[in-house]
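J.: One structure, as C-alpha coordinates, below. Some questions next.
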Amino acid sequence: MRAFGVFIGLCMLAFTSAQRVDVPADGSLVNLIPQTGSGRVENRFDLYAPTGSKMVLTCAFKTYSCRIAKIMVDNGDKFTQHCPEAFAYVFMNSYKNRMVVTIENVGNAVGAFCQVKATKPYIDVPETLIDSSEHGLIHKSRKATTCKCGWTNKAPRRIVGGVEAGVNEYPFPILLIFASSRQPFCGGSIITPYHVLTAAHCTDPFMDRKLAVVVGEHDIRTQRETAATRIHMVGKIYQHPGYTDTNNKDDISILELETKIEFNDKVGPVCMPSMQKNLKDQFIKVMGWGLLKDKSEGGKPSPTLHKVNLRVIDPDVCKTIYSIDTNNLKQVCTYNNNKDSCQGDSGGPLVNLNPETNMLEQVALVSYGRKCGSTDPAVNTDVAAYLPWIKTQLASSRYKVSMCF
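Mature numbering (1 follows the signal peptide of the UniProt record, and there is no 0) puts the sequence shown at residues -18 to -1, 1 to 387.
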(Lines of atoms letter the chains of each structure in order from A and count residues from 1; the text may use other names and numbers.)
(Lines give C-alpha, C1' and ligand atoms only; values in the text may rest on other atoms or scores of the structure.)
Protein backbone atom coordinates (compact mmCIF):
# COMPACT_ATOMS: atom_id res chain seq x y z
CA MET A 1 0.00 0.00 0.00
CA ARG A 2 2.85 2.35 0.82
CA ALA A 3 4.43 1.82 -2.62
CA PHE A 4 1.06 2.49 -4.28
CA GLY A 5 0.78 5.80 -2.44
CA VAL A 6 4.24 6.87 -3.55
CA PHE A 7 3.34 6.05 -7.17
CA ILE A 8 0.24 8.26 -6.99
CA GLY A 9 2.30 11.10 -5.53
CA LEU A 10 4.86 10.95 -8.33
CA CYS A 11 2.12 11.02 -10.99
CA MET A 12 0.73 14.20 -9.48
CA LEU A 13 4.14 15.82 -9.85
CA ALA A 14 4.33 15.18 -13.63
CA PHE A 15 1.56 16.24 -16.01
CA THR A 16 1.59 16.31 -19.80
CA SER A 17 -0.67 18.49 -21.92
CA ALA A 18 -0.90 18.11 -25.71
CA GLN A 19 -2.91 20.22 -28.11
CA ARG A 20 -3.11 20.90 -31.83
CA VAL A 21 -2.78 24.54 -32.87
CA ASP A 22 -3.77 25.66 -36.37
CA VAL A 23 -1.79 28.78 -37.27
CA PRO A 24 -3.76 31.06 -39.66
CA ALA A 25 -2.36 32.07 -43.03
CA ASP A 26 -2.94 35.81 -42.47
CA GLY A 27 0.21 36.21 -40.36
CA SER A 28 -1.60 36.96 -37.09
CA LEU A 29 0.22 35.97 -33.90
CA VAL A 30 -0.88 32.92 -31.91
CA ASN A 31 0.07 32.82 -28.21
CA LEU A 32 1.31 29.53 -26.75
CA ILE A 33 0.62 29.84 -23.01
CA PRO A 34 1.58 26.77 -20.99
CA GLN A 35 -0.50 25.27 -18.24
CA THR A 36 1.01 25.26 -14.76
CA GLY A 37 0.71 23.03 -11.73
CA SER A 38 2.28 22.23 -8.40
CA GLY A 39 4.81 19.94 -10.06
CA ARG A 40 6.45 19.55 -13.46
CA VAL A 41 4.14 20.16 -16.42
CA GLU A 42 5.00 19.41 -20.06
CA ASN A 43 2.96 21.42 -22.56
CA ARG A 44 3.18 20.08 -26.10
CA PHE A 45 1.92 22.26 -28.96
CA ASP A 46 1.54 20.59 -32.36
CA LEU A 47 1.61 23.54 -34.76
CA TYR A 48 0.14 23.36 -38.26
CA ALA A 49 0.29 26.16 -40.82
CA PRO A 50 -1.52 26.07 -44.19
CA THR A 51 0.14 24.12 -46.97
CA GLY A 52 2.82 26.24 -48.65
CA SER A 53 3.46 28.36 -45.56
CA LYS A 54 6.17 28.26 -42.92
CA MET A 55 6.18 29.46 -39.32
CA VAL A 56 8.25 31.86 -37.25
CA LEU A 57 8.50 31.02 -33.54
CA THR A 58 9.50 33.48 -30.82
CA CYS A 59 9.78 32.42 -27.17
CA ALA A 60 10.76 34.24 -23.99
CA PHE A 61 11.85 32.85 -20.63
CA LYS A 62 10.54 34.50 -17.47
CA THR A 63 13.08 32.77 -15.27
CA TYR A 64 16.83 32.34 -15.17
CA SER A 65 16.73 28.74 -13.94
CA CYS A 66 16.79 25.70 -16.18
CA ARG A 67 15.17 23.74 -13.35
CA ILE A 68 12.02 25.86 -13.71
CA ALA A 69 11.58 26.11 -17.47
CA LYS A 70 12.83 24.52 -20.68
CA ILE A 71 11.73 24.71 -24.31
CA MET A 72 12.09 21.90 -26.85
CA VAL A 73 11.49 22.53 -30.55
CA ASP A 74 11.16 20.12 -33.45
CA ASN A 75 11.03 22.39 -36.52
CA GLY A 76 10.57 19.51 -38.95
CA ASP A 77 14.26 19.34 -39.77
CA LYS A 78 16.02 19.19 -36.39
CA PHE A 79 15.28 18.93 -32.67
CA THR A 80 16.71 21.53 -30.26
CA GLN A 81 16.51 22.17 -26.50
CA HIS A 82 16.70 25.61 -24.96
CA CYS A 83 17.48 26.70 -21.40
CA PRO A 84 17.24 30.23 -19.91
CA GLU A 85 20.73 29.99 -18.42
CA ALA A 86 22.05 30.14 -21.99
CA PHE A 87 19.57 32.43 -23.77
CA ALA A 88 16.62 34.48 -22.62
CA TYR A 89 14.87 34.15 -25.98
CA VAL A 90 14.32 31.48 -28.62
CA PHE A 91 13.91 32.27 -32.33
CA MET A 92 13.18 29.44 -34.74
CA ASN A 93 11.72 28.96 -38.23
CA SER A 94 9.87 25.83 -39.28
CA TYR A 95 11.30 23.73 -42.07
CA LYS A 96 7.89 23.31 -43.69
CA ASN A 97 4.37 23.86 -42.41
CA ARG A 98 4.56 21.81 -39.20
CA MET A 99 6.42 22.38 -35.93
CA VAL A 100 6.25 20.83 -32.44
CA VAL A 101 6.98 23.04 -29.43
CA THR A 102 7.17 21.64 -25.89
CA ILE A 103 7.33 24.03 -22.93
CA GLU A 104 8.35 22.34 -19.67
CA ASN A 105 7.37 24.28 -16.58
CA VAL A 106 7.84 23.58 -12.87
CA GLY A 107 5.64 25.28 -10.28
CA ASN A 108 2.60 27.48 -10.49
CA ALA A 109 4.35 30.39 -12.21
CA VAL A 110 4.72 30.50 -16.01
CA GLY A 111 8.42 30.08 -16.68
CA ALA A 112 8.26 30.58 -20.46
CA PHE A 113 5.81 31.36 -23.23
CA CYS A 114 5.90 31.53 -27.02
CA GLN A 115 4.27 33.22 -29.99
CA VAL A 116 4.05 31.84 -33.51
CA LYS A 117 2.84 33.12 -36.85
CA ALA A 118 2.67 31.82 -40.40
CA THR A 119 4.81 33.46 -43.00
CA LYS A 120 5.04 33.27 -46.77
CA PRO A 121 8.27 31.48 -47.69
CA TYR A 122 8.46 33.07 -51.14
CA ILE A 123 8.89 36.63 -49.80
CA ASP A 124 12.31 38.34 -49.70
CA VAL A 125 14.00 35.98 -52.14
CA PRO A 126 16.91 37.65 -53.98
CA GLU A 127 16.21 38.30 -57.64
CA THR A 128 18.65 37.52 -60.41
CA LEU A 129 18.28 40.16 -63.09
CA ILE A 130 19.00 39.27 -66.69
CA ASP A 131 18.99 41.63 -69.62
CA SER A 132 16.89 39.56 -72.01
CA SER A 133 17.89 41.66 -74.99
CA GLU A 134 21.31 40.01 -74.78
CA HIS A 135 19.66 36.74 -75.80
CA GLY A 136 18.28 35.53 -79.10
CA LEU A 137 20.79 37.39 -81.25
CA ILE A 138 24.38 36.78 -80.28
CA HIS A 139 24.36 33.55 -78.25
CA LYS A 140 24.65 30.22 -80.01
CA SER A 141 21.91 27.67 -79.33
CA ARG A 142 22.06 23.87 -79.13
CA LYS A 143 18.69 23.38 -80.82
CA ALA A 144 16.89 25.25 -83.61
CA THR A 145 13.26 26.32 -83.34
CA THR A 146 10.73 25.07 -85.91
CA CYS A 147 10.40 28.63 -87.21
CA LYS A 148 11.77 32.03 -86.24
CA CYS A 149 10.32 33.07 -82.87
CA GLY A 150 11.04 34.45 -79.43
CA TRP A 151 13.92 36.72 -80.35
CA THR A 152 14.65 40.08 -78.74
CA ASN A 153 16.08 43.29 -80.11
CA LYS A 154 18.90 44.98 -78.26
CA ALA A 155 17.57 48.07 -76.53
CA PRO A 156 19.17 51.45 -77.34
CA ARG A 157 20.27 51.55 -73.70
CA ARG A 158 20.98 48.73 -71.33
CA ILE A 159 18.00 48.18 -69.04
CA VAL A 160 18.68 45.83 -66.15
CA GLY A 161 17.29 47.41 -63.00
CA GLY A 162 14.55 49.40 -64.72
CA VAL A 163 11.07 48.38 -65.77
CA GLU A 164 10.56 50.00 -69.18
CA ALA A 165 11.35 47.78 -72.13
CA GLY A 166 13.29 49.09 -75.10
CA VAL A 167 11.37 50.14 -78.21
CA ASN A 168 10.35 46.91 -79.99
CA GLU A 169 12.66 44.97 -77.69
CA TYR A 170 10.04 42.23 -77.68
CA PRO A 171 8.37 41.60 -81.08
CA PHE A 172 5.45 39.49 -79.81
CA PRO A 173 3.41 41.48 -77.19
CA ILE A 174 0.17 43.05 -78.44
CA LEU A 175 -2.44 45.46 -77.13
CA LEU A 176 -6.07 44.38 -77.25
CA ILE A 177 -8.26 47.42 -77.97
CA PHE A 178 -11.87 48.35 -78.70
CA ALA A 179 -12.04 48.98 -82.44
CA SER A 180 -14.31 52.02 -82.11
CA SER A 181 -12.53 53.94 -79.36
CA ARG A 182 -9.02 52.49 -79.79
CA GLN A 183 -8.99 52.14 -75.99
CA PRO A 184 -6.62 49.38 -74.81
CA PHE A 185 -7.87 47.05 -72.07
CA CYS A 186 -5.82 43.82 -72.19
CA GLY A 187 -2.64 42.28 -73.54
CA GLY A 188 -1.73 39.22 -75.56
CA SER A 189 0.95 37.62 -77.68
CA ILE A 190 1.46 36.75 -81.34
CA ILE A 191 1.56 32.98 -81.94
CA THR A 192 1.02 32.83 -85.75
CA PRO A 193 0.65 35.45 -88.53
CA TYR A 194 -3.14 35.26 -87.98
CA HIS A 195 -3.54 34.36 -84.31
CA VAL A 196 -3.06 36.00 -80.93
CA LEU A 197 -3.17 34.36 -77.51
CA THR A 198 -4.93 36.17 -74.64
CA ALA A 199 -7.06 35.52 -71.55
CA ALA A 200 -10.69 34.43 -71.64
CA HIS A 201 -11.63 37.02 -69.04
CA CYS A 202 -10.50 39.64 -71.58
CA THR A 203 -12.83 38.35 -74.28
CA ASP A 204 -15.79 37.00 -72.30
CA PRO A 205 -17.51 40.37 -71.63
CA PHE A 206 -16.98 41.57 -75.21
CA MET A 207 -17.91 38.67 -77.46
CA ASP A 208 -20.39 40.93 -79.28
CA ARG A 209 -18.09 43.95 -79.60
CA LYS A 210 -15.66 44.70 -82.39
CA LEU A 211 -12.12 44.28 -81.16
CA ALA A 212 -8.69 44.85 -82.66
CA VAL A 213 -5.07 44.20 -81.77
CA VAL A 214 -2.10 46.55 -82.01
CA VAL A 215 1.24 44.97 -82.94
CA GLY A 216 4.71 46.53 -82.94
CA GLU A 217 3.68 49.12 -80.34
CA HIS A 218 5.77 50.66 -77.57
CA ASP A 219 4.48 54.10 -76.55
CA ILE A 220 0.72 54.56 -77.05
CA ARG A 221 1.06 58.35 -76.73
CA THR A 222 2.98 58.81 -79.96
CA GLN A 223 3.45 57.30 -83.41
CA ARG A 224 6.99 58.56 -83.78
CA GLU A 225 8.97 56.13 -81.62
CA THR A 226 8.54 53.18 -84.02
CA ALA A 227 7.38 52.54 -87.57
CA ALA A 228 6.39 48.95 -86.77
CA THR A 229 2.95 49.66 -85.28
CA ARG A 230 -0.05 48.17 -87.13
CA ILE A 231 -3.71 47.55 -86.20
CA HIS A 232 -5.46 44.30 -87.12
CA MET A 233 -9.18 43.67 -86.69
CA VAL A 234 -10.29 40.57 -84.79
CA GLY A 235 -12.43 38.36 -87.00
CA LYS A 236 -13.20 35.48 -84.64
CA ILE A 237 -12.72 34.60 -80.98
CA TYR A 238 -11.99 31.06 -79.81
CA GLN A 239 -12.75 31.18 -76.08
CA HIS A 240 -12.21 28.10 -73.94
CA PRO A 241 -15.63 26.58 -73.18
CA GLY A 242 -14.63 25.78 -69.60
CA TYR A 243 -14.22 29.42 -68.63
CA THR A 244 -16.78 31.28 -66.53
CA ASP A 245 -16.36 34.57 -64.70
CA THR A 246 -16.88 32.80 -61.37
CA ASN A 247 -14.38 29.95 -61.43
CA ASN A 248 -11.28 31.55 -63.07
CA LYS A 249 -10.43 28.20 -64.65
CA ASP A 250 -9.53 27.69 -68.32
CA ASP A 251 -8.74 31.40 -68.65
CA ILE A 252 -7.51 31.34 -72.24
CA SER A 253 -8.71 32.58 -75.64
CA ILE A 254 -7.36 32.74 -79.20
CA LEU A 255 -8.04 35.71 -81.46
CA GLU A 256 -8.24 35.08 -85.19
CA LEU A 257 -7.36 38.20 -87.18
CA GLU A 258 -8.92 39.40 -90.42
CA THR A 259 -5.56 40.33 -91.92
CA LYS A 260 -2.11 38.82 -91.82
CA ILE A 261 0.58 40.15 -89.50
CA GLU A 262 3.66 40.84 -91.59
CA PHE A 263 6.65 39.58 -89.62
CA ASN A 264 9.88 41.56 -89.54
CA ASP A 265 12.67 42.18 -87.05
CA LYS A 266 10.34 44.24 -84.84
CA VAL A 267 7.17 42.13 -85.09
CA GLY A 268 7.01 38.36 -84.81
CA PRO A 269 5.74 35.38 -82.83
CA VAL A 270 6.72 34.09 -79.43
CA CYS A 271 7.94 30.50 -79.23
CA MET A 272 5.49 28.03 -77.73
CA PRO A 273 6.51 25.47 -75.10
CA SER A 274 6.58 21.86 -76.21
CA MET A 275 5.59 20.54 -72.78
CA GLN A 276 4.83 21.58 -69.20
CA LYS A 277 7.98 22.29 -67.24
CA ASN A 278 8.78 22.58 -63.56
CA LEU A 279 10.02 26.17 -63.25
CA LYS A 280 9.71 26.41 -59.46
CA ASP A 281 12.11 29.00 -58.00
CA GLN A 282 13.04 30.32 -61.45
CA PHE A 283 12.36 33.88 -62.58
CA ILE A 284 10.20 34.43 -65.64
CA LYS A 285 9.40 37.71 -67.35
CA VAL A 286 5.99 39.36 -67.73
CA MET A 287 5.34 42.40 -69.93
CA GLY A 288 2.47 44.72 -70.65
CA TRP A 289 0.93 48.19 -70.62
CA GLY A 290 -1.07 47.67 -67.42
CA LEU A 291 -1.38 49.82 -64.30
CA LEU A 292 1.88 50.75 -62.61
CA LYS A 293 0.20 50.35 -59.22
CA ASP A 294 -3.15 49.12 -57.98
CA LYS A 295 -6.26 51.01 -59.05
CA SER A 296 -7.22 51.48 -55.38
CA GLU A 297 -4.00 53.50 -54.97
CA GLY A 298 -4.69 55.71 -57.96
CA GLY A 299 -2.73 53.60 -60.40
CA LYS A 300 -2.83 54.57 -64.08
CA PRO A 301 -2.00 52.51 -67.18
CA SER A 302 1.55 52.67 -68.42
CA PRO A 303 1.86 54.46 -71.78
CA THR A 304 4.91 52.32 -72.60
CA LEU A 305 5.58 48.60 -72.56
CA HIS A 306 6.96 47.55 -69.19
CA LYS A 307 8.64 44.33 -68.12
CA VAL A 308 9.30 42.71 -64.76
CA ASN A 309 10.70 39.44 -63.47
CA LEU A 310 8.43 37.23 -61.35
CA ARG A 311 9.50 34.15 -59.46
CA VAL A 312 7.65 30.89 -59.98
CA ILE A 313 6.68 29.61 -56.53
CA ASP A 314 5.21 26.41 -55.12
CA PRO A 315 1.68 25.85 -56.49
CA ASP A 316 0.59 24.82 -53.00
CA VAL A 317 0.84 28.49 -52.00
CA CYS A 318 -1.76 29.49 -54.58
CA LYS A 319 -3.79 26.41 -53.65
CA THR A 320 -3.98 27.66 -50.07
CA ILE A 321 -4.77 31.28 -50.90
CA TYR A 322 -7.09 30.81 -53.88
CA SER A 323 -8.43 27.25 -53.30
CA ILE A 324 -6.98 25.98 -56.58
CA ASP A 325 -7.17 22.30 -57.45
CA THR A 326 -3.50 21.41 -57.74
CA ASN A 327 -4.29 17.77 -58.58
CA ASN A 328 -4.98 18.96 -62.13
CA LEU A 329 -2.71 21.96 -62.22
CA LYS A 330 -3.07 24.20 -65.25
CA GLN A 331 -1.83 27.39 -63.64
CA VAL A 332 1.51 28.95 -62.73
CA CYS A 333 1.93 30.69 -59.38
CA THR A 334 4.27 33.74 -59.35
CA TYR A 335 5.51 36.39 -56.92
CA ASN A 336 8.17 39.05 -56.56
CA ASN A 337 8.71 41.67 -53.86
CA ASN A 338 6.67 44.80 -54.71
CA LYS A 339 6.55 43.72 -58.36
CA ASP A 340 3.59 42.26 -60.16
CA SER A 341 1.38 42.22 -63.19
CA CYS A 342 -1.66 44.45 -62.76
CA GLN A 343 -4.96 45.46 -64.33
CA GLY A 344 -4.47 45.92 -68.06
CA ASP A 345 -1.71 43.30 -68.23
CA SER A 346 -4.31 40.51 -68.39
CA GLY A 347 -3.74 38.07 -71.21
CA GLY A 348 -0.17 39.22 -71.66
CA PRO A 349 2.73 36.77 -71.94
CA LEU A 350 5.03 35.41 -69.26
CA VAL A 351 8.14 34.14 -70.98
CA ASN A 352 11.17 32.06 -70.11
CA LEU A 353 14.46 31.72 -71.93
CA ASN A 354 14.69 28.21 -73.33
CA PRO A 355 18.32 27.17 -72.67
CA GLU A 356 18.34 24.81 -75.67
CA THR A 357 17.11 27.26 -78.31
CA ASN A 358 18.22 30.48 -76.56
CA MET A 359 14.83 31.96 -77.48
CA LEU A 360 11.94 33.16 -75.35
CA GLU A 361 9.00 30.80 -75.05
CA GLN A 362 5.66 31.65 -73.51
CA VAL A 363 5.10 29.53 -70.42
CA ALA A 364 2.01 31.36 -69.13
CA LEU A 365 -0.39 34.26 -69.63
CA VAL A 366 -1.62 36.72 -67.01
CA SER A 367 -4.85 35.56 -65.40
CA TYR A 368 -5.73 36.93 -61.96
CA GLY A 369 -4.58 37.91 -58.48
CA ARG A 370 -5.53 40.16 -55.62
CA LYS A 371 -4.24 43.66 -55.01
CA CYS A 372 -1.37 44.43 -57.39
CA GLY A 373 2.02 44.26 -55.71
CA SER A 374 0.63 42.70 -52.51
CA THR A 375 2.23 39.81 -50.66
CA ASP A 376 -0.27 37.43 -52.23
CA PRO A 377 0.99 35.72 -55.38
CA ALA A 378 -0.50 35.99 -58.86
CA VAL A 379 -2.12 33.16 -60.79
CA ASN A 380 -1.33 32.68 -64.47
CA THR A 381 -2.65 30.26 -67.08
CA ASP A 382 -0.10 27.55 -67.93
CA VAL A 383 0.13 27.69 -71.74
CA ALA A 384 1.68 24.24 -72.15
CA ALA A 385 -1.26 22.67 -70.31
CA TYR A 386 -3.56 23.98 -73.06
CA LEU A 387 -1.46 23.04 -76.08
CA PRO A 388 -3.89 20.30 -77.21
CA TRP A 389 -6.79 22.76 -77.06
CA ILE A 390 -4.79 25.47 -78.87
CA LYS A 391 -3.79 23.07 -81.65
CA THR A 392 -7.42 21.96 -82.06
CA GLN A 393 -8.63 25.54 -82.45
CA LEU A 394 -5.91 26.39 -84.98
CA ALA A 395 -6.79 23.27 -86.97
CA SER A 396 -10.38 24.54 -87.27
CA SER A 397 -9.27 28.05 -88.27
CA ARG A 398 -9.65 29.17 -91.88
CA TYR A 399 -5.94 30.02 -91.87
CA LYS A 400 -3.81 26.89 -91.96
CA VAL A 401 -0.71 28.12 -90.17
CA SER A 402 1.56 26.65 -87.52
CA MET A 403 3.00 27.87 -84.27
CA CYS A 404 6.73 27.93 -83.58
CA PHE A 405 8.34 25.65 -81.00
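Glycine included, C-beta positions come from ideal geometry on N, C-alpha and C.
Going by C-alpha to C-alpha distance, which of 53, 17 and 12 sits closest to residue 68?
T.: Taking the sequence shown and counting its residues from 1, the one referred to as residue 68 is at position 86. Of 53, 17 and 12, the residue nearest in Cα terms is 53.
J.: State buried or exposed for residue 331, treating a residue as buried only when at least 16 other CB atoms are found within 10 Å of its CB.
T.: Taking the first residue of the sequence shown as position 1, residue 331 is located at position 349. Looking at its Cβ environment, which holds 16 or more other Cβ atoms inside 10 Å, residue 331 is buried.
J.: Quick one: give me the first and last residue of the beta strand (DSSP E) that residue 29 is part of.
T.: Counted from its first residue, the sequence shown places residue 29 at position 47. Taken as a continuous stretch (DSSP letters only), the beta strand (DSSP E) holding residue 29 covers 22 to 30.
J.: Let me check understanding here. Comparing Cα to Cα, which of 188, 183 and 200 lies closest to residue 156?
T.: Within the sequence shown, numbered from 1, the residue matching residue 156 stands at position 174. Residue 200 is the option with its Cα nearest to residue 156.
J.: To which residues of the same chain is residue 173 closer than 6 Å at the C-beta, ignoring the five residues directly before and after it?
T.: By 1-based counting over the sequence shown, the position of residue 173 is 191. Around residue 173: 179, 251 and 385.
J.: With DSSP as the reference, identify every bridge partner of residue 71, one or two as the case may be.
T.: Here residue 71 refers to the residue found at position 89 when the sequence shown is read from its first residue. Paired residues: 42.
J.: DSSP three-state call for residue 378: helix, strand or coil?
T.: Within the sequence shown, residue 378 is the residue found at index 396, counting from 1. Correct three-state label for residue 378: helix.
J.: Under 8 Å, with one C-beta from each stretch per pair, do the region 351 to 366 and the region 334 to 341 reach the 3-pair mark?
T.: No contact exists between the region 351 to 366 and the region 334 to 341.
J.: Using a threshold of 8 Å, state whether the C-beta atoms of residue 237 and residue 132 are closer than that.
T.: For this step, residue 237 is matched to residue 255 along the sequence shown. For this step, residue 132 is matched to residue 150 along the sequence shown. In this structure, residue 132 does not lie closer than 8 Å to residue 237 by Cβ.
J.: Let me know the secondary structure DSSP gives residue 91 once reduced to three states.
T.: Within the sequence shown, numbered from 1, the residue matching residue 91 stands at position 109. In the structure shown, residue 91 sits in coil (DSSP, three-state: anything other than H, G, I, E or B).
J.: With DSSP as the reference, label residue 135 as helix, strand or coil.
T.: Within the sequence shown, residue 135 is the residue found at index 153, counting from 1. Residue 135: coil per DSSP, three-state reduction.
J.: Determine the burial state of residue 79: buried for a count of at least 16 other Cβ atoms within 10 Å of its Cβ, exposed for fewer.
T.: For the purposes of this step, residue 79 is identified with residue 97 of the sequence shown, where counting begins at 1. That one is buried.
J.: Can you find the residues in the same chain that come closer than 6 Å, C-beta to C-beta, to residue 63, ignoring five residues on each side of it along the sequence?
T.: Position 81 of the sequence shown, counted from the first residue, corresponds to residue 63. Counting only Cβ-Cβ distances below 6 Å, and skipping sequence neighbours, we find 54.
J.: Can you tell which of 270, 97, 381 and 9 has its C-alpha closest to the C-alpha of residue 168?
T.: Position 186 of the sequence shown holds residue 168. The candidate whose alpha carbon is nearest that of residue 168 is 270.
J.: Is the beta carbon of residue 10 sitting closer than 8 Å to the one on residue 101?
T.: Sequence index remark: in the sequence shown, residue 10 carries index 28 (1-based). Sequence index remark: in the sequence shown, residue 101 carries index 119 (1-based). Result no, Cβ atoms of residue 10 and residue 101 do not sit closer than 8 Å.
J.: For residue -3, does the count of other Cβ atoms within 10 angstroms reach 16, so buried, or fall short, so exposed?
T.: In the sequence shown, residue -3 corresponds to position 16, counting from 1. Burial call: exposed.
J.: With 16 as the cutoff for other CB atoms within 10 Å, does residue 95 come out buried or exposed?
T.: Counting from 1 along the sequence shown, the entry for residue 95 is found at position 113. Per the 10 Å Cβ criterion, buried.
J.: Between the C-alpha atoms of residue 262 and residue 315, what's the straight-line distance to the nearest angstrom?
T.: Taking the first residue of the sequence shown as position 1, residue 262 is located at position 280. Taking the first residue of the sequence shown as position 1, residue 315 is located at position 333. Cα to Cα, residue 262 sits roughly 9 Å from residue 315.
J.: Among the residues of its own chain, which have a CB less than 8 Å from the CB of residue 15, if the five just before and after it don't count?
T.: Position 33 of the sequence shown holds residue 15. The residues are 92 and 95.
J.: What separation, rounded to the nearest whole angstrom, lies between the Cα atoms of residue 345 and residue 366?
T.: By 1-based counting over the sequence shown, the position of residue 345 is 363. By 1-based counting over the sequence shown, the position of residue 366 is 384. Going from the Cα of residue 345 to the Cα of residue 366 covers about 7 Å.
J.: Take every Cβ of the region 185 to 197, pair it with every Cβ of the region 285 to 302, and state whether three or more of those distances are shorter than 8 Å.
T.: These segments do not touch.
J.: Look up residue 182 in the DSSP assignment and say whether it is helix, strand or coil.
T.: Stepping through the sequence shown from its first residue, residue 182 is reached at position 200. Three-state result, residue 182: helix.
J.: Judging by CA-CA distance, which residue of 152, 84 and 105 is the nearest neighbour of residue 358?
T.: For the purposes of this step, residue 358 is taken as residue 376 along the sequence shown, with counting starting at 1. Considering only alpha carbons, the answer is 105.
J.: So, is residue 81 buried or exposed, given that buried needs 16 or more other C-beta atoms within 10 angstroms?
T.: As a first step, residue 81 must be located in the sequence shown, where it is residue number 99. So residue 81 ends up on the buried side.
J.: Pull up the CB-CB distance for residue 404 and residue 71, whole angstroms please, since I reckon it's below 8 Å.
T.: Within the shown structure, residues of the chain are numbered from -18 to 387, placing residue 404 beyond reach of any answer.
J.: Which complete beta strand (DSSP E) runs does the region 218 to 262 hold, if anything under 3 residues is left out?
T.: Here the runs fully enclosed are 235 to 239.
J.: With distances taken Cα to Cα, identify the nearest neighbour of residue 371 among 163, 312 and 361.
T.: Numbered from 1 along the sequence shown, position 389 holds the residue referred to as residue 371. The residue with the shortest Cα to Cα distance from residue 371 is 312.
J.: What does the alpha-carbon distance come out to for the pair residue 32 and residue 226?
T.: Position 50 of the sequence shown, counting from 1, holds the residue named residue 32. Position 244 of the sequence shown, counting from 1, holds the residue named residue 226. In a straight line, the C-alpha of residue 32 is about 28 Å away from that of residue 226.
J.: Looking at the unbroken alpha helix (DSSP H) that takes in residue 304, where does it start and where does it end?
T.: Along the sequence shown, read from residue 1 onward, the residue named residue 304 stands at position 322. That run of the alpha helix (DSSP H) goes 297 to 304.
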